[in-house]
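Our numbering puts the first residue of the first sequence at 4, with every later residue one more than the last.
Built from N, CA and C at the ideal position, the CB exists for glycine as well.
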Amino acid sequence: MIENQMRDFRIKKLEELKNLKLEIYGRRFLKTNISEVKEEGNFKIAGRIMSIRAHGNASFADIVDSTGKIQVYFRKDIIGKENYEIFKKIDIGDIIGLEGEVFKTKTGEKTILVKNFTILSKSLRPLPEKWHGLRDVEIRFRKRYLDLIMNESVKDIFKKRVEILRYIREFLNSKGFVEVETPMMHPIPGGAEARPFITYHNSLDIELYLRIAPELYLKKLLVGNFEKIYEINRSFRNEGISTLHNPEFTMLELYSAYGDYEEMIEITEGLICFLSDKIFGSNTFEYQGKKIDLTSPWKKIKYTDIFKEIGISNFRDEKIVDKKIEEYNIEIENDDTIFDKLEKIFKKKIQPLLINPTFIVGYPVEISPLAKIAKDDPTITERFELFIGGIEIANAYSELNDPIEQLKRFEEKFKDVDDKKKKIDYDFIEALEYGMPPAGGLGIGIDRLVMLFTNSCSIREVIFFPLLKPKNE
RNA sequence: GGGCCGCUAGCUCACCAGGCAGAGCACCGCCCUUUUAAGGCGGGGGUAGCAGGUUCGAGUCCUGCGCGGCCUACCA
Numbered sequence: 004m005i006e007n008q009m010r011d012f013r014i015k016k017l018e019e020l021k022n023l024k025l026e027i028y029g030r031r032f033l034k035t036n037i038s039e040v041k042e043e044g045n046f047k048i049a050g051r052i053m054s055i056r057a058h059g060n061a062s063f064a065d066i067v068d069s070t071g072k073i074q075v076y077f078r079k080d081i082i083g084k085e086n087y088e089i090f091k092k093i094d095i096g097d098i099i100g101l102e103g104e105v106f107k108t109k110t111g112e113k114t115i116l117v118k119n120f121t122i123l124s125k126s127l128r129p130l131p132e133k134w135h136g137l138r139d140v141e142i143r144f145r146k147r148y149l150d151l152i153m154n155e156s157v158k159d160i161f162k163k164r165v166e167i168l169r170y171i172r173e174f175l176n177s178k179g180f181v182e183v184e185t186p187m188m189h190p191i192p193g194g195a196e197a198r199p200f201i202t203y204h205n206s207l208d209i210e211l212y213l214r215i216a217p218e219l220y221l222k223k224l225l226v227g228n229f230e231k232i233y234e235i236n237r238s239f240r241n242e243g244i245s246t247l248h249n250p251e252f253t254m255l256e257l258y259s260a261y262g263d264y265e266e267m268i269e270i271t272e273g274l275i276c277f278l279s280d281k282i283f284g285s286n287t288f289e290y291q292g293k294k295i296d297l298t299s300p301w302k303k304i305k306y307t308d309i310f311k312e313i314g315i316s317n318f319r320d321e322k323i324v325d326k327k328i329e330e331y332n333i334e335i336e337n338d339d340t341i342f343d344k345l346e347k348i349f350k351k352k353i354q355p356l357l358i359n360p361t362f363i364v365g366y367p368v369e370i371s372p373l374a375k376i377a378k379d380d381p382t383i384t385e386r387f388e389l390f391i392g393g394i395e396i397a398n399a400y401s402e403l404n405d406p407i408e409q410l411k412r413f414e415e416k417f418k419d420v421d422d423k424k425k426k427i428d429y430d431f432i433e434a435l436e437y438g439m440p441p442a443g444g445l446g447i448g449i450d451r452l453v454m455l456f457t458n459s460c461s462i463r464e465v466i467f468f469p470l471l472k473p474k475n476e
């Protein structure tokens with residue numbers, strides 16, 4: 004614990020106040036929201052003191068609560084000598100409750116003339132400086148509460164995040180989807196390709212994995228006759244951290260029985276346009292200086308065609324792909340498959356150009372182990388990924404519901420893995436064998452969606468407490 | 001994992017020509033009953049991220065480490 008002079012002063016004031024038999028860390032306080040204080044009348048409010056302008060026997064202070072800010076005025080001749088002495092021991096950062104009459108100052112500012120007040124919480128540490136606020140990025144993330152107190156725009160981002168989540172639920176509920184919860188601790192990590200976090204259950208004596216995706220459990224619910232379901236919650240991936248990746252992140256997954264990926268396109272467009280309308284009142288907005296237009300219908304490009312456009316006539320021809328890798332000066336790993344290489348070309352050359360919403364459709368079956376193959380081409384799947392502002396936002400497909408085909412895909416995927424029996428989720432296959440209806444499935448990265456709608460350049464700006472290394476003092 | 005940048009008072013930042021470590025806000029004391037970046041006078045506060053090295057002398061130069069940011073890579 005860091006001790007410093009300013010904290011000592013505040014501890015001293017705290018002791019002095021306690022000696023007056025005052026309860027400094029208070030209790031329930033019935034109050035009016037500051038935003039609801041009228042132009043005249045008597046009001047009880049509570050909040051944090053953000054500044055004090057003392058004038059000897061009278062003082063102004065600014066008080067904020069979650070709804071707004073208001074000036075209050077303490078006068079010795081109104082509250083009395085003893086109470087004014089107590090007021091003088093109040094510091095910036097303290098939380099107080101007060102009651103008083105609204106009036107207008109000479110300059111016309113709405114102000115509450117305090118009749119009585121009570122300290123509800125004493126702050127022992129000084130807040131960051133009032134003009135510049137808190138800028139240090141590391142402190143902003145480690146002590147997000149200070150960031151939220153000091154930086155209005157940060158608070159606005161998180162308020163908007165809350166709104167977006169509420170509107171997503173509103174939209175999906177109105178379409179007959181029900182919200183469900185499935186396990187976050189999985190005996191076998193599935194539904195995506197990432198490395199999992201490993202944990203351990205003591206009394207069962209088993210290893211468990213924090214889920215990398217809820218997909219397989221949600222599909223078991225389709226088997227269980229749920230038809231339209233969604234889950235909005237955390238997934239965990241033990242991978243690198245970047246402006247687009249936090250180890251724990253929030254994903255929406257949605258399944259619609261008897262639907263397909265075309266239906267998912269409709270839902271995705273509908274949902275994101277609905278959100279844009281609610282947030283901006285418009286279907287255009289700006290992201291990082293780029294104008295984004297959500298006017299329907301959104302562009303669709305076939306996976307094969309994007310590579311044809313840059314001269315890869317057959318994306319399964321490794322020689323052509325290798326030539327492009329060299330031409331674009333892209334670094335590759337020894338164990339990169341042709342699809343890894345294609346992905347790298349896509350990320351470097353195509354993705355940054357996908358500013359307006361664009362569906363890339365028809366991904367190869369090799370990299371889509373849970374998706375149904377296209378009707379007219381067994382090498383590709385009924386699948387899309389959605390890009391907006393150069394960011395991957397969504398991934399969806401017609402769900403593979405053929406258990407024999409699904410098992411084959413798993414076996415193919417894990418053919419080079421030693422203990423593939425441990426990797427393949429036979430419970431899931433068994434569920435499919437009871438019969439899963441054809442279905443469309445969709446995953447949307449909620450954090451990234453919030454980034455778009457709040458014009459944030461990093462995922463850390465839209466997650467209250469992004470993961471940082473602990474700092475030893 | 002690699003590259004670049006940052007780390008100085010509670011906060012925001014100077015000082016970098018190697019020569020006593022500074023400012024504003026915040027804080028403490030005094031004055032002040034309509035201020036709002038209130039004002040006036042006086043004052044306190046520092047292991048310059050950490051550890052080494054070079055030097056008569058290091059916040060400043062060098063090396064290593066830590067934490068963070070950006071880029072890159074990994075990762076659908």
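- If the five residues before and after residue 251 are omitted, its C-beta is found closer than 6 Å to the C-beta atoms of 237, 239, all from its own chain and listed in chain order.
- Annotated as distal: residue 20 and residue 14, with beta-carbon spacing of 7 Å or more.
- Counting only the Cα atoms, residue 321 lies some 59 Å from residue 70.
- By the neighbour-count criterion, in which a residue is buried when 16 or more other Cβ atoms sit within 10 angstroms of its Cβ, residue 401 is buried.
- For the 7 Å CB-CB criterion, residue 185 and residue 217 form a contact.
- Minimum Cα-Cα distance from residue 118 among the listed residues 458, 343, 46 corresponds to 46.
- In the DSSP assignment, residue 255 falls within the beta strand (DSSP E) that extends over 251 to 260.
- Excluding residues up to 5 positions away in sequence, 342 lie with their Cβ nearer than 7 Å to the Cβ of residue 369 in the same chain.
- In the three-state reduction of the DSSP assignment, residue 105 falls in the strand class.
- In this structure, the straight-line span from the alpha carbon of residue 196 to that of residue 375 is close to 18 Å.
- Residue environment for residue 201: exposed (fewer than 16 other C-beta atoms within 10 angstroms of its C-beta).
- Contact fails between the region 99 to 119 and the region 143 to 154, because fewer than three Cβ pairs, one in each stretch, are under 8 Å apart.
- Cβ-Cβ distances below 6 Å link residue 36 to 70 in the same chain, with the five nearest sequence neighbours on each side left out; the list follows chain order.
- Here residue 181 is bridged, per DSSP, to 232.
- The DSSP-derived three-state label of residue 136 is coil.
- The alpha-carbon separation between residue 313 and residue 243 amounts to approximately 29 Å.
- DSSP, reduced to helix, strand and coil, places residue 386 within a strand of the structure shown.
- Cβ-Cβ separation between residue 120 and residue 100: approximately 7 Å, consistent with a contact (criterion under 8 Å).
- In terms of CA proximity to residue 357, 396 leads the group 124, 396, 167.
- Within the region 260 to 286, the complete alpha helix (DSSP H) segments at least 4 residues long are 264 to 283, listed from N- to C-terminus.
- In this chain, the beta strand (DSSP E) harbouring residue 53 covers 45 to 57.
- Counting other Cβ atoms within 10 Å of its Cβ, residue 467 stays below 16 and is therefore classed as exposed.
- Taking a cut-off of 8 Å on C-beta distances, the region 329 to 342 does not touch the region 270 to 287, as fewer than three cross pairs fall below it.
- Every unbroken stretch of the beta strand (DSSP E) spanning 3 or more residues and falling wholly within the region 109 to 174 is given here in chain order: 113 to 124.
- Only exposed fits residue 142, as fewer than 16 other CB atoms lie within 10 angstroms of its CB.
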